[in-house]
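Comments concern the structure below.
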Amino acid sequence: MPAILVKNLSKKYEYLKKEPGVMNSLKNLFSRKKHFKNAVKKINFSIEEGELVGFLGPNGAGKTTTLKMLSGIITPSSGQAEVLGHVPWKREPTYQKQFAMVMGQKNQLWWDLPPMESFLLNKEIYEVDKRRFQENLDRLTKLLKVKDILHKQVRQLSLGERMKCELISSLLHDPKVLFLDEPTIGMDVVAQKNIRDFLLKYNQERKTTILLTSHYMEDIVRLCKRIIIIHHGTLIYDGEVERLIKKYAPAKVVKVYLDREVTREEAKKLGEIYELEPSLITYSIPRKNIKEATAKILSSSLPVRDIDIGEIRVEKIIRNIFNS
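Number 433 marks the last residue of the sequence shown (our numbering); no jumps.
Structural data, given as structure tokens:
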């Protein structure tokens, strides 16, 4: 049986729309028009035990809504889902002790207390025995290198430190399924890499099933072999990352930072321009030509200060899918 099984899962939200102005406010006292938004529309997928799957889509695509249904926070309008053989929105204690959810934009740690206090609280909530708690705490703090900040107020921690502690708090009870919603949002590149390295190692060692949402393509490329893409609540792709990249993102973006402004004529001599700003040229370069192209840029007459090679953003890839 798959760890996560979703069949025709849908969520429709009802809301009231009010036009501005006093007269419209008076009208609303007597007559309110209901509107509906389909956040998720009959999506289907399954995830096997131990898989680390990327769950992608632009803002408002329905990613967080899906995670909330799978974690039992909200109830779907229709359809079915099972996680570890349980129906999430029944909120059975046996299920709640087997999964964890980390949301990059929401804190579960107590802001004015040290992380250790929140860890001890979760120990009691999830009924983790003392020996297992200490073993997991020692292992996780060592992996994430945060032993020296456990007794420091959460409000005094950096974003990267705080997210590491959020992960520890969520993993102390050995969940079999982990939902991650933008865990690296707002972090610098070093902190993002540290979180990615930890998640990859944890997944390999513990065989925890992980469903990860992220706007950073680097997170997905480094961590996931398979991705699911959702757009306007509809599932539009479910397959290997490599196949998607080859088909819809055959090029990388190379950002060239300059010491002075250059003309478009100067810039276009070195490749296809993706974007052009006063002191920054972004090229779109086929993956197979990256090494040759960067060497050409560095040996050119351009006043190059720095070069950064990255992936095309998820939103662009999704647009390419719809335009193909």
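Where a beta carbon is used, it is the ideal one built from N, C-alpha and C, also for glycine.
Bounding residues of the beta strand (DSSP E) (the contiguous stretch that carries glutamine 301): Numbered from its first residue, the sequence shown carries residue 301 at position 192. Not the beta strand (DSSP E): glutamine 301 falls in the alpha helix (DSSP H), residues 298 to 315.
Cβ contact check for the segment 113 to 124 and the segment 171 to 188: 3 or more pairs under 8 angstroms: yes
Three-state class that DSSP yields for leucine 118 in the structure shown: Stepping through the sequence shown from its first residue, residue 118 is reached at position 9. Leucine 118: strand per DSSP, three-state reduction.
The beta strand (DSSP E) enclosing valine 263, as first and last residue numbers: Taking the first residue of the sequence shown as 1, we reach residue 263 at position 154. From DSSP, valine 263 is part of no beta strand (DSSP E); its letter is neither H nor E.
Proximity of lysine 162 and lysine 120 at Cβ, strictly below 9 angstroms: For the purposes of this step, residue 162 is taken as residue 53 along the sequence shown, with counting starting at 1. For the purposes of this step, residue 120 is taken as residue 11 along the sequence shown, with counting starting at 1. Here residue 162 turns out to be valine, not lysine, going by the sequence shown. Going by C-beta atoms, valine 162 is not nearer than 9 angstroms to lysine 120.
As assigned by DSSP and simplified to three states, the class of proline 129: Here residue 129 refers to the residue found at position 20 when the sequence shown is read from its first residue. Three-state result, proline 129: coil.
According to DSSP, residues forming a beta bridge with proline 395: Within the sequence shown, numbered from 1, the residue matching residue 395 stands at position 286. According to DSSP, proline 395 bridges with Ala360.
Anticipated Cβ contact below 8 angstroms, phenylalanine 242 with lysine 251, distance rounded: Here residue 242 is taken as the residue at index 133 of the sequence shown, counted from 1. Here residue 251 is taken as the residue at index 142 of the sequence shown, counted from 1. Rounded, the Cβ-Cβ distance is 15 angstroms, inconsistent with contact.
Whether leucine 287 touches alanine 209 by CB criterion (9 angstroms): Locating residue 287 in the sequence shown gives position 178, counting from the first residue. Locating residue 209 in the sequence shown gives position 100, counting from the first residue. Cβ atoms of leucine 287 and alanine 209: closer than 9 angstroms.
Three-state secondary structure assigned by DSSP to alanine 190: Taking the sequence shown and counting its residues from 1, one reaches residue 190 at position 81. Here alanine 190 sits in strand by DSSP.
Alpha helix (DSSP H) segment containing leucine 289, residue limits: For this step, residue 289 is matched to residue 180 along the sequence shown. From DSSP, leucine 289 is part of no alpha helix (DSSP H) but of the beta strand (DSSP E) over 286 to 290.
Inside the segment 173 to 259 only - alpha helix (DSSP H) runs reaching at least 4 residues: 202 to 205, 224 to 234, 239 to 253
Span of the beta strand (DSSP E) around isoleucine 435: Here the chain covers residues 110 to 433 and nothing more, so residue 435 does not appear.
Exposure label - glutamate 275; buried when at least 16 CB within 10 Å: Locating residue 275 in the sequence shown gives position 166, where the first residue counts as 1. Buried: at least 16 other Cβ atoms inside 10 Å.
Assigned exposure category for leucine 75 - 16 Cβ within 10 Å defines buried: Outside the modelled stretch of the chain, which goes from 110 to 433, sits residue 75, for which no answer is possible.
Residue span of the beta strand (DSSP E) that contains leucine 332, given as start and end: Mapped onto the sequence shown, residue 332 falls at position 223. That residue, leucine 332, is in no beta strand (DSSP E); its alpha helix (DSSP H) goes 326 to 332.
Whole-angstrom C-beta distance between leucine 332 and leucine 309, which should lie under 8 angstroms: Reading the sequence shown from its first residue, position 200 is the one you call residue 309. Reading the sequence shown from its first residue, position 223 is the one you call residue 332. The pair is a contact, with the Cβ atoms about 6 angstroms apart (cut-off 8 angstroms).
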